[in-house]
Each structure stands twice: as C-alpha cells, then as structure tokens.
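**Q**
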Amino acid sequence: MSWDQVWIDVNIASMDPSLSVPYGEILNAAMAIKEGKIAWIGPRSELPEFDVMSTPLYRGKGGWITPGLIDAHTHLIFAGNRANEFEQRLQGASYEEIARNGGGIIATVNACREASEAELFELGRIRLNALAKEGVTTVEIKSGYGLDTETELKILRVARELGKHHHVDVKTTFLGAHAIPPEYKDNIEAYVDLVINEMLPAVIKENLADAVDVFCENIAFSVEQSKQILTAAQNAGLDVKLHAEQLSNLGGAAMAAKLGAKSVDHIEYLDEAGVKALSKSSTCATLLPGAFYFLRETQMPPIDLLRKHKVPMVLASDYNPGSSPLCSSLLMLNMGCTLFRLTPEEALAGMTRNAAKALGIEDKVGMLATGMQADFCLWDITTPAQLSYSYGVGVCLEVVKNGQVVHQ
Ligand code: DI6
Ligand code: FE
C-alpha cells in the first residue's frame, strides 16, 4: 500500500452510522490518508501492510480522533460589539424592545457600513482562528449586517476571502433579509423587492453565496415574505434555509420544509405540526444553545419531538454580537447537552455528520469513512463524551485538513 500518512495508537469516533455502534467508534484503530482523502480506516489489527520506511506515521497517544467540527450557523463577520445592550438587558430591557428602538441588529449594521473590507477581514480572521483552535474545519458565515446592496456584498466578499486564506473551509450564506433597515421601516415590501431584484442578482453575479437565509419573525419578515425570497433564491439554484420560530411560532419552519430547505434554525417555538413537516422533508433542525443561553430564553426547542420524528439535529454557535457572542464550538457541545439535554453523541453528530448535511456537503465531510475528505481532529480525551462534558482545558491536540496537518 502506498499512502501519504498513517495514524495509529488512536481510537476513532467515526460518526459513521453504518458501523452501528455509538459514535461509529473504532477502538484501537488505524487510519491511512492518500491525496487528502481517507484511504483506509478500521481496527489496527486489520491494517494492511504498507511501506513503513517511506510513510509518515502519526501516533495518537491513545487519544480520540473525530471528524473535523463543522459550525453550520454563524454571523462571524461584523464590526463593533453590543456590550452596551448587554448592560441594558441586565437593567431590564428585552431583546425585542432594544431592536424596536433602533438598537440590536441595526446598531451592528451601522458599524458594518462604516467598516472597511480590510477591517472586517481582520476581525473575521481572529474569530475564525478561535473556532479553528477548537477543531472547526468548516464554517458557515452569513451576511446580514449590511442591509444595503453595497454592504451585503462587502460582507460576503470578506467571507469568501477568509475561506481562500484560511485552512477552514467557508460556506457563505446571503442573509440580506436579516432585519428591516430603518430606511424601509414603513415599506417592508419595497425592501423585500430590493433583496429579490437587486441584492440577490448582484450576489449571484459575483458568486458570493452558497445559500440564502431569512429571519422569519414578528420583528423581521413574515412567512409570506420569507417564502418569496427563498423561492427566488431556489429559482437561481441556491440552497435555502430559515431562521424560524426563534421568538414565536409563525409556521416558517413548515413553509421552509415544504420548499426543501437545508435547515431551519433556532426553532425554540416549533410545535409538533412543524416537526412533522420537517420529518416529511430532508430539512435539518439547527439548535443554537448559545442564543438560548445568552437571551435567557426559557422555551426549549422540541428535542423529544425531533427525536421521535427522526429529524436530524444540528448544533451550531450562531456566533454574533447580539444574541450569541460566544465564539466556541466546544462550549456549544457542552450547552447542547446541559441546556437542551442532547446526549453527547447527539451533540457531536450535530457538529459533524448532521452539520454537513445542513450545508449540503455530507458526501465529503462530517464522518470518517473510506473516500471521505481527511478533515479530522485528535483530542486528548479518554472517551468521546468528554468533549461535551468538560470545557475550558485545551483538548485539541492536532487538526488535519484535507490530509494536511495544520499547525496552530
Ligand atoms: N437571530 C439571532 O439570534 C441573530 N440573528 C437572528 O436572526 C441575532 C443577531 C443580532 O442580534 O445581531
Ligand atoms: Fe443566526
């Protein structure tokens, strides 16, 4: 056998469901890499013979390998911060009140309109490094803090550039309909028209987005307006997804599921009818415990119903300055379990296999099997549950991206 790299002295949480064991685990495993892909994976005792003299051998010191983590929902390109609102909320103001009074998302929009591409790039790079240190190898980044054509394009360009200059793969999402810009507060339809007929064509022309998202909520866009935008995106060949049922139950998730959306995200207020609509489609349910925690939400997403109806659950950071200023994948694994009562295995699937599905890249990443991209992490842990159990001590020993060991 001629391979580029072989790993031994490891256990592997492959997350491959066809192995029919928890975590798709392979104890005392070995894995061989060739041309950026997994060429062989299995118990070390079955590892075929290979040229030990010419093949670099990596020893995992008895730790665990998992697929590289995937953060499938972030808003990580923004300028400024909203610590002042954090203070206001601690003095009694609600997130919705602040948004209605011109703060909230709009405050970040103003900061982003001011910022240069270079400034946004540098801020984004620092945040991407923070995620990468915790094992993230693929991230989704949304626009949505521009709300005018120029700034939306600026944010998406920065996201694309980050992907070119960083080992982490970046999938971009156009979220022009994230909030109603003050200029359009009395004419929302005109803004929807701008999103569909000016912004979206410009985004497509520069190939700046892989998907389109909308914030469907009382303080943002109605189900009907969301549907118009998502339909226009689909007609242009883009994937769609939706911020749905975060603060109230409008039925956006069911609408998105019928369109074949990749995911519906937040969904604290989703009811059983909505869950059933998801189960009849291939739409994933993206859970965002950081926003739940930071906004001190008390309505739990319908985890038991999602389990009952076998809807794939995704876990993501929603990293953003307003509702989830928490730039950490490992903290999300912990919060997925502590706040949403996911099992550690469900949490890990939510940041690997199911996250890949939500981004439409499940044929390449999200689990470790022959032919999959060699994106994986080596962790200094004795059992996979330790990833979500403990937080704050550095446990990520190595990251391999496309078969290359990343030094960070
Ligand atoms: N829901 C959220 O939680 C974020 N966006 C959204 O649609 C909040 C974004 C912000 O407050 O800046
Ligand atoms: Fe979000």
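0 is the number of the first residue of the sequence shown in numbering that gives the first Met the number 0; add one for each residue after it.
Beta carbons are placed, not taken as given, at the ideal position from N, Cα and C, and that holds for glycine.
As the structure is a prediction and not an experimental result, all values here were calculated from the model.
Decide if the stretch 351-367 is in contact with the stretch 132-148; the criterion is three or more beta carbon pairs, one per stretch, under 8 Å apart.
**A** yes
**Q** Please identify the residue among 252, 209, 285, 118 whose C-alpha is closest to the C-alpha of residue 276.
**A** 252
**Q** What residue range does the alpha helix (DSSP H) around residue 26 cover?
**A** Where residue 26 is concerned, there is no enclosing alpha helix (DSSP H), although the beta strand (DSSP E) it sits in stretches over 24-33.
**Q** Which same chain residues end up closer than 6 Å to residue 217 when comparing Cβ atoms and leaving out the 5 residues on each side of it in sequence?
**A** 247
**Q** Hey, residue 194 and residue 176 are a contact pair by Cβ (cut 8 Å); roughly how many whole angstroms apart?
**A** Contact between residue 194 and residue 176 is confirmed by a C-beta separation of about 5 Å, below the 8 Å threshold.
**Q** List the whole-angstrom C-beta distance separating residue 205 from residue 157, where the pair is believed to meet the contact cut-off of C-beta under 8 Å.
**A** Not quite, the Cβ-Cβ distance comes to about 12 Å (not below 8 Å), so this is no contact.
**Q** Cβ of residue 317 within 7 Å of any heavy atom in ligand 1?
**A** Yes, since a heavy atom of ligand 1 falls inside the 7 Å radius drawn around the Cβ of residue 317.
**Q** So residue 25 packs on residue 37, CB below 8 Å; how close in whole Å?
**A** In fact, because the Cβ distance is near 12 Å, the residues do not count as touching under 8 Å.
**Q** Which residue marks the beginning of the alpha helix (DSSP H) containing residue 288, and which one marks its end?
**A** For residue 288, the enclosing alpha helix (DSSP H) has its first and last residue at 288-293.
**Q** Give the DSSP-derived three-state secondary structure of residue 419 in the structure shown.
**A** This structure leaves residue 419 out entirely; the chain is present only between 0 and 407.
**Q** From residue 282 to residue 189, what does the alpha carbon distance come to, in whole angstroms?
**A** 29 Å
**Q** Assuming contact is defined by CB atoms lying nearer than 8 Å, are residue 329 and residue 390 in contact in what I supplied?
**A** For residue 329 and residue 390, yes; Cβs fall inside 8 Å.
**Q** Between the C-alpha atoms of residue 213 and residue 73, what's the straight-line distance to the nearest angstrom?
**A** 14 Å
**Q** Three-state secondary structure (DSSP) at residue 179?
**A** coil
**Q** Assuming residue 313 and residue 284 are in contact, meaning their beta carbons sit under 8 Å apart, how far apart are those beta carbons, in whole angstroms?
**A** 7 Å
**Q** Roughly how many angstroms lie between the CA atoms of residue 383 and residue 344, to the nearest whole one?
**A** Going from the Cα of residue 383 to the Cα of residue 344 covers about 8 Å.
**Q** In the structure shown, what three-state DSSP assignment does residue 89 receive?
**A** helix
**Q** Quick check: what's the CA-CA separation for residue 418 versus residue 394?
**A** Outside the shown range of the chain (0 to 407) lies residue 418, about which nothing can therefore be said.
**Q** Say the cut is 7 Å; is the CB of residue 264 nearer than that to a heavy atom of ligand 2?
**A** yes
**Q** Return the residue from the list 229, 222, 165 that minimises the CA-CA distance to residue 196.
**A** 229
**Q** With a CB to CB cut of under 8 Å and the five nearest residues on each side skipped, what residues in its chain are close to residue 278?
**A** 308, 309, 310
**Q** Residue 262 bridges to which residues according to DSSP?
**A** 240, 283
**Q** Could you tell me if the beta carbon of residue 339 falls within a distance shorter than 7 Å of some heavy atom in ligand 1?
**A** no
**Q** Is the beta carbon of residue 154 within less than 7 Å of some heavy atom of ligand 1?
**A** no
**Q** Residue 300 to residue 51, Cα distance in whole Å?
**A** Answer to the nearest angstrom: the Cα atoms are 51 Å apart.
**Q** Between which two residues does the beta strand (DSSP E) carrying residue 141 extend?
**A** For residue 141, the enclosing beta strand (DSSP E) begins and ends at 135-141.
**Q** With DSSP as the reference, label residue 405 as helix, strand or coil.
**A** For residue 405, the secondary structure class from DSSP, reduced to helix, strand or coil, is strand.
**Q** Kindly indicate the opening and closing residues of the beta strand (DSSP E) around residue 312.
**A** For residue 312, the enclosing beta strand (DSSP E) begins and ends at 312-314.
**Q** Residue 405 to residue 338, Cα distance in whole Å?
**A** Taking the straight line joining both Cα atoms gives about 32 Å.
**Q** Going by CA-CA distance only, name the one from 254, 262, 244 that's closest to residue 268.
**A** Minimum Cα distance to residue 268 is reached at 244.
**Q** For residue 42, count neighbouring C-beta atoms within 10 Å of its own C-beta (all shown protein chains included) and say buried if the count is 16 or more, exposed if not.
**A** exposed
**Q** Per the DSSP calculation, residue 65 is bridged to which residue(s)?
**A** 376
**Q** Tell me whether residue 484, by its Cβ, gets closer than 7 Å to a heavy atom of ligand 1.
**A** Lying outside 0 to 407, the shown extent of the chain, residue 484 is not represented and no answer is given.
**Q** Secondary structure at residue 120, three-state DSSP: helix, strand or coil?
**A** helix
**Q** Closer than 8 Å by C-beta to residue 180: which residues in its own chain qualify, once you throw out the five before and the five after it? Chain order, please.
**A** 105, 108, 146, 147, 190
**Q** Which term fits residue 332, buried or exposed, when burial requires 16 or more other beta carbons within 10 angstroms of its beta carbon?
**A** Burial call: buried.
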